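For the sequence shown, numbering that gives the first Met the number 0 begins at 0 and goes up steadily by one.
A virtual CB, placed ideally from N, CA and C, is assigned to each residue, including glycine.
Since the structure is predicted, the reported quantities are computational estimates derived from the model, not experimental observations.
Okay, structure first, notes after.
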Amino acid sequence: MYTMATFEYTTRLSFDRETVFQWFERPGALPRLSAPFLGSIVQEPTNALNVGSRAVLEVSMSGTLGLGLDTAIAAGANALGLPSTTRARIPWKAKHISLDRGRSFTDIMESGPIRRWEHQHFFSDIICDGQPGTLMRDVVEFELPGLGMLPWQKANKLAEDAFARELLQVFKYRENTLRADLGFHAKYPAKPLTIAVAGASGIIGSQLCALLAGGGHQIIRLVRDRNFAREPDRMYWNPESGELDATSLAKADAVINLAGHTIGGRFSEENKRKIQESRIRSTRLLADTLASLATDGKKRSFISASAIGIYGAKPHHGNPSTALDELAPVGNDFLATVCRDWEAACDPAREAGVRVVTVRTGLVQTPETGALAQLLPLFSLGLGGPLGHGGWQSWVGIDDMAGIYAHALLTPELAGPINAVAPNPVQAWEYAQTLGKVLRRPAKISVPAFGPQLILGTEGAEELAFASQKVSNAKLIASGYESRHSNLESALRHNLGKF
Numbered sequence: 000m001y002t003m004a005t006f007e008y009t010t011r012l013s014f015d016r017e018t019v020f021q022w023f024e025r026p027g028a029l030p031r032l033s034a035p036f037l038g039s040i041v042q043e044p045t046n047a048l049n050v051g052s053r054a055v056l057e058v059s060m061s062g063t064l065g066l067g068l069d070t071a072i073a074a075g076a077n078a079l080g081l082p083s084t085t086r087a088r089i090p091w092k093a094k095h096i097s098l099d100r101g102r103s104f105t106d107i108m109e110s111g112p113i114r115r116w117e118h119q120h121f122f123s124d125i126i127c128d129g130q131p132g133t134l135m136r137d138v139v140e141f142e143l144p145g146l147g148m149l150p151w152q153k154a155n156k157l158a159e160d161a162f163a164r165e166l167l168q169v170f171k172y173r174e175n176t177l178r179a180d181l182g183f184h185a186k187y188p189a190k191p192l193t194i195a196v197a198g199a200s201g202i203i204g205s206q207l208c209a210l211l212a213g214g215g216h217q218i219i220r221l222v223r224d225r226n227f228a229r230e231p232d233r234m235y236w237n238p239e240s241g242e243l244d245a246t247s248l249a250k251a252d253a254v255i256n257l258a259g260h261t262i263g264g265r266f267s268e269e270n271k272r273k274i275q276e277s278r279i280r281s282t283r284l285l286a287d288t289l290a291s292l293a294t295d296g297k298k299r300s301f302i303s304a305s306a307i308g309i310y311g312a313k314p315h316h317g318n319p320s321t322a323l324d325e326l327a328p329v330g331n332d333f334l335a336t337v338c339r340d341w342e343a344a345c346d347p348a349r350e351a352g353v354r355v356v357t358v359r360t361g362l363v364q365t366p367e368t369g370a371l372a373q374l375l376p377l378f379s380l381g382l383g384g385p386l387g388h389g390g391w392q393s394w395v396g397i398d399d400m401a402g403i404y405a406h407a408l409l410t411p412e413l414a415g416p417i418n419a420v421a422p423n424p425v426q427a428w429e430y431a432q433t434l435g436k437v438l439r440r441p442a443k444i445s446v447p448a449f450g451p452q453l454i455l456g457t458e459g460a461e462e463l464a465f466a467s468q469k470v471s472n473a474k475l476i477a478s479g480y481e482s483r484h485s486n487l488e489s490a491l492r493h494n495l496g497k498f
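Here's what the structure looks like:
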């Protein structure tokens with residue numbers, strides 16, 4: 000008779016057990032621990048870790064592994080290192096079935112891509128690095144679909160081993176993220192703040208909200224649907240019509256603005272209009288409202304998005320020996336103009352005495368969206384290579400992106416623009432080589448110019464795909480921020496589960 004397989008993983012943390020367990024009980028723990036290469040969160044736990052609390056995820060399984068179609072073949076493909084270019088998203092419904100507060104909790108899969116799953120989390124006291132610490136032990140019992148019907152014991156073992164290897168990557172990701180998040184909160188022991196966030200549902204916004212919630216801060220999400228705004232942690236606004244209740248916003252200690260129409264589409268006149276107006280209107284509405292509240296005596300902060308596109312697509316004029324700092328001149332192409340006006344829209348808040356930080360975002364590295372997500376299928380098939388004409392790419396990992404926003408919020412002496420990039424930008428050929436190394440694939444086929452031009456148009460391709468911007472994060476580092484991933488290989492391995 001087939002029995003459930005067992006996977007175990009232990010983590011030693013130099014944080015006391017109460018601190019660690021409290022982190023798991025707070026909102027945001029599940030989004031922070033959910034690996035981007037595995038799937039996404041549809042619904043966070045309905046009642047924290049309490050018995051009966053439910054959560055819904057969408058997970059992607061490599062090839063056919065976990066689909067019940069041919070587990071042994073899929074496991075063999077994984078064992079041979081063949082590319083997994085087809086990843087179907089499958090609902091995973093989880094339920095908490097036991098809780099011993101401070102010591103353990105257990106969740107099971109009610110329905111999903113495998114036959115059975117039970118995950119026990121144990122927490123115990125240890126001495127770690129000479130101080131009270133925590134030993135976390137994760138015990139997962141699982142049964143893959145169809146294995147009981149396979150006549151070959153070796154095939155069963157092959158499938159289980161392949162699945163366990165995927166679990167190992169997931170739990171390494173979880174350990175790295177948990178350790179870094181706990182360290183971040185220890186460094187910024189600010190009193191809990193109430194933070195209003197516009198654009199909270201985006202890739203950066205969702206991770207930022209989860210990171211801040213893990214530190215005990217209260218998040219209020221600005222939403223454009225009045226029905227959603229009825230929830231206690233929601234606030235209605237409508238930048239197009241200029242609707243935002245100042246009385247409601249007055250409850251916030253800070254506002255973080257990530258709102259804006261996506262830039263990844265074709266640069267048609269209509270799309271360009273949406274890109275510009277969505278950013279200027281939303282930022283100006285928030286800035287005006289904050290300015291109107293400035294006389295109530297409450298010191299607020301306004302952290303607003305911008306981008307390194309403010310320097311122009313080709314700011315170096317053939318001489319990239321010096322990285323651009325925040326004092327570099329503004330460019331004159333479309334995205335530079337948008338970023339200039341975007342930052343200027345913060346002026347009413349700044350002039351009213353509100354602390355304003357504009358975060359000039361680099362090329363965010365995550366498999367969920369952006370350039371990396373578009374490159375992965377080509378690289379997985381061995382068809383990847385340098386993008387553009389060998390220009391500079393000032394990148395930043397998604398975890399650092401969330402961390403930089405949180406750092407800007409929690410560092411009261413920081414103001415003005417900051418470049419949100421890693422300390423080590425790379426050239427296009429180096430990026431391709433590094434991604435190929437992480438994926439164990441060749442990276443010698445240059446992406447032809449007509450490819451990005453077909454998707455983005457000629458103007459969009461020049462300003463996005465073929466841009467060359469070598470940007471410095473010296474101001475950010477001088478303000479006390481510590482990068483989680485200072486080199487590209489580390490960031491890619493973490494976000495792609497290639498440890």
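| Asked | Found |
| --- | --- |
| How about the region 458-471 and the region 382-399: do they share at least three Cβ pairs that are nearer than 8 Å? | yes |
| Within its chain, find whatever has a CB closer than 7 Å to the CB of residue 417; leave out the 5 residues flanking it on each side and keep chain order. | 325, 356, 358, 359, 407, 474, 475 |
| How big is the Cα-Cα spacing for residue 21 and residue 211? | 14 Å |
| To the nearest angstrom, report how far apart residue 163 and residue 293 are at their CA atoms. | 55 Å |
| DSSP on residue 233, reduced to helix/strand/coil? | strand |
| Since residue 353 and residue 405 are thought to touch, with beta carbons under 8 Å apart, how far apart are those beta carbons, to the nearest angstrom? | Rounded, the Cβ-Cβ distance is 18 Å, inconsistent with contact. |
| In or out: residue 384 buried (at least 16 other Cβ within 10 Å) or exposed? | buried |
| Buried or exposed: residue 126, going by 16 or more other Cβ atoms within 10 Å of its Cβ? | exposed |
| At what residues does the alpha helix (DSSP H) containing residue 16 begin and finish? | 16-24 |
| Who are the near neighbours of residue 181 in its chain, counting only those whose CB is closer than 6 Å to its CB and skipping five residues on each side? | 14 |
| Comparing alpha-carbon positions, which option in 284, 287, 277, 173 lies nearest residue 30? | 173 |
| Work out the CA separation of residue 361 and residue 490 for me, nearest whole Å. | 14 Å |
| Pick out whichever of 346, 59, 422 has its Cα sitting closest to the Cα of residue 90. | 59 |
| Suppose contacts are defined by Cβ-Cβ distances below 7 Å. Is residue 345 in contact with residue 306 by that definition? | no |
| To which residues does DSSP link residue 54 through a beta bridge? | 93 |
| Within 10 angstroms of the Cβ of residue 120, are there 16 or more other Cβ atoms? Answer buried if so, exposed if not. | buried |
| What distance in whole Å lies between the Cβ atoms of residue 197 and residue 281, which are believed to be in contact at a cut-off of 8 Å? | 6 Å |
| Does the distance from the CB of residue 193 to the CB of residue 243 come in under 7 Å? | no |
| Measuring alpha carbon to alpha carbon, tell me which of 411, 187, 432, 396 ends up nearest residue 484. | 396 |
| Among all the DSSP beta bridges, which residues are the ones paired with residue 486? | Looking at the DSSP assignment, residue 486 forms no beta bridge with any residue, so it has no partner. |
| If we count the other Cβ atoms within 10 Å of its Cβ and call it buried at 16 or more, is residue 415 buried or exposed? | exposed |
| Does DSSP put residue 38 in a helix, a strand or coil? | strand |
| Rounded C-beta distance between residue 470 and residue 420? I'm assuming under 8 Å. | 5 Å |
| Less than 8 Å between C-beta atoms, sequence neighbours within five positions excluded: which residues of the same chain meet that for residue 366? | 35, 36, 372, 375, 494, 495 |
| Taking only the alpha-carbon atoms, compute the straight-line gap between residue 18 and residue 136 and give it to the nearest angstrom. | 16 Å |
| May I ask which residues mark the beginning and end of the alpha helix (DSSP H) holding residue 500? | There is no way to answer for residue 500, as the model of the chain reaches only from 0 to 498. |
| Using the DSSP secondary-structure output, state which residues sit across from residue 132 in a beta bridge. | 125 |
| Could you pull out every residue in the same chain whose Cβ sits closer than 8 Å to the Cβ of residue 175, ignoring the five residues on either side in sequence? | 493 |
| Counting C-beta neighbours from all protein chains within 10 Å, is the total for residue 303 16 or more, i.e. buried, or is it exposed? | buried |
| With distances taken Cα to Cα, identify the nearest neighbour of residue 50 among 205, 456, 95. | 95 |
| Select from 110, 263, 103 the residue whose C-alpha is nearest the C-alpha of residue 123. | 103 |
| Classify residue 112 as buried or exposed, calling it buried when 16 or more other Cβ atoms lie within 10 Å of its own Cβ. | buried |
| Taking Cβ positions, are residue 512 and residue 348 nearer each other than 7 Å? | As shown, the chain starts at 0 and ends at 498. That puts residue 512 outside it, with no answer to give. |
| So, residue 449 versus residue 168, is the Cβ gap smaller than 7 Å? | no |
| Verify whether the separation of the beta carbon atoms of residue 48 and residue 133 is less than 7 Å. | no |
| Using CA atoms only, rank isn't needed, just tell me which of 481, 178, 313, 382 is closest to residue 431. | 382 |
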